[in-house]
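Trainee: Taking the UniProt record's numbering, the leading residue of the sequence shown gets 1, the next gets one more, and so forth. Below is a structure I'd like to ask you about.
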Amino acid sequence: MFTPPYHPQSNGQAERFVDTLKRALLKAEGEGTPFDIIQKFLMVYRTTANESTQNKKSPAEILYGRKLRTIHNSMLPPTLKHADASFRNEKKFDVGDPIYVRDYRGGHKPWNKGSISARRGRVMYDVKVGNELWTRHYNQLRPRNSNIPTSTQSSLPLDILLDTFNLPTTDKTEKQKCPAQTTSDKAEAANSTSRRSNRRRQQTERFQINPKKARY
Numbered sequence: 001m002f003t004p005p006y007h008p009q010s011n012g013q014a015e016r017f018v019d020t021l022k023r024a025l026l027k028a029e030g031e032g033t034p035f036d037i038i039q040k041f042l043m044v045y046r047t048t049a050n051e052s053t054q055n056k057k058s059p060a061e062i063l064y065g066r067k068l069r070t071i072h073n074s075m076l077p078p079t080l081k082h083a084d085a086s087f088r089n090e091k092k093f094d095v096g097d098p099i100y101v102r103d104y105r106g107g108h109k110p111w112n113k114g115s116i117s118a119r120r121g122r123v124m125y126d127v128k129v130g131n132e133l134w135t136r137h138y139n140q141l142r143p144r145n146s147n148i149p150t151s152t153q154s155s156l157p158l159d160i161l162l163d164t165f166n167l168p169t170t171d172k173t174e175k176q177k178c179p180a181q182t183t184s185d186k187a188e189a190a191n192s193t194s195r196r197s198n199r200r201r202q203q204t205e206r207f208q209i210n211p212k213k214a215r216y
């Protein structure tokens, strides 16, 4: 000990912690036993970032090398560990590539033919469509060799398909014969009781946190 007796100002850091602990005990009065209150206080104190530590880490993070999981972590949604497929498979086009470009003009096809004229940044492209120059996001572009669904596609008549593949034709007027329902089957169906529960259903009450309440 390097502090003189009866002079607490010489050990200011320890005295400051004692003051912090006493204030916490007074605020949490009536929320449990003193042992439980001290345990909760130490958990909060040791998991809170400290301004005096390196990189403002909490005491527990310095000791264990990771952040401790507290009750507040259960209230937060899980973090996204894997990027979405649309971001991983980012399309890249080179200048001069033939592409289909999204056309938003009324009375035109939804996809129009064009070619890449220039690239602006990571996701923006200048597209040459006829004598015009459009600017589009890569989500609004498709390679020319891809299958683009359009409203102009028409299906072949059924007769041509049947003649091409020599498929057997069936009489449209032929109807499948269903077995007649007997009287015993009708009686059994009438006597069958519903297995659905008759209990009264109530709307689910979601848990709402009230910061004014001391406990739940």
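Glycine included, C-beta positions come from ideal geometry on N, C-alpha and C.
1) Looking at the unbroken alpha helix (DSSP H) that takes in residue 141, where does it start and where does it end?
2) At what residue ranges does the region 50-85 contain a whole run of the alpha helix (DSSP H), taking only runs of 4 or more?
3) How close, in whole Å, do the beta carbons of residue 128 and residue 117 come, if the pair is a contact with beta carbons under 8 Å?
4) Considering only residues of the same chain and omitting the five flanking positions on each side of residue 215, which have a CB-CB separation below 7 Å?
5) May I ask which residues mark the beginning and end of the alpha helix (DSSP H) holding residue 34?
6) Does the region 101-115 touch the region 58-66, meaning 3 or more C-beta pairs lie closer than 8 Å?
7) Would you decide whether residue 99 is buried or exposed? Buried here means 16 or more other CB atoms lie within 10 Å of its CB.
8) Verify whether the separation of the beta carbon atoms of residue 26 and residue 37 is less than 8 Å.
9) If you reduce the DSSP assignment to three classes, tell me which class residue 10 lands in.
10) By the DSSP assignment, the beta strand (DSSP E) with residue 92 in it spans what residues?
11) Nearest by alpha-carbon distance to residue 132: which of 112, 124, 138 is it?
12) Using only the alpha-carbon positions, how far apart do residue 68 and residue 74 sit?
13) Classify residue 125 as buried or exposed, calling it buried when 16 or more other Cβ atoms lie within 10 Å of its own Cβ.
14) Could you pull the DSSP bridge partners for residue 112 from this structure?
15) Taking the alpha-carbon positions, what's the residue 150 to residue 119 distance?
Mentor: In terms of the structure at hand:
1) Residue 141 -> not in any alpha helix (DSSP H); beta strand (DSSP E) instead, spanning 141-143.
2) 59-64
3) 4 Å
4) 31
5) 34-47
6) no
7) buried
8) no
9) helix
10) From DSSP, residue 92 is part of no beta strand (DSSP E); its letter is neither H nor E.
11) 112
12) 12 Å
13) buried
14) 101
15) Unreliable positioning characterises residue 150 in this predicted model, as indicated by a pLDDT of 49, which lies under 50. The coordinate reading is nonetheless provided below. Near 27 Å, if we compare the C-alpha coordinates of residue 119 and residue 150.
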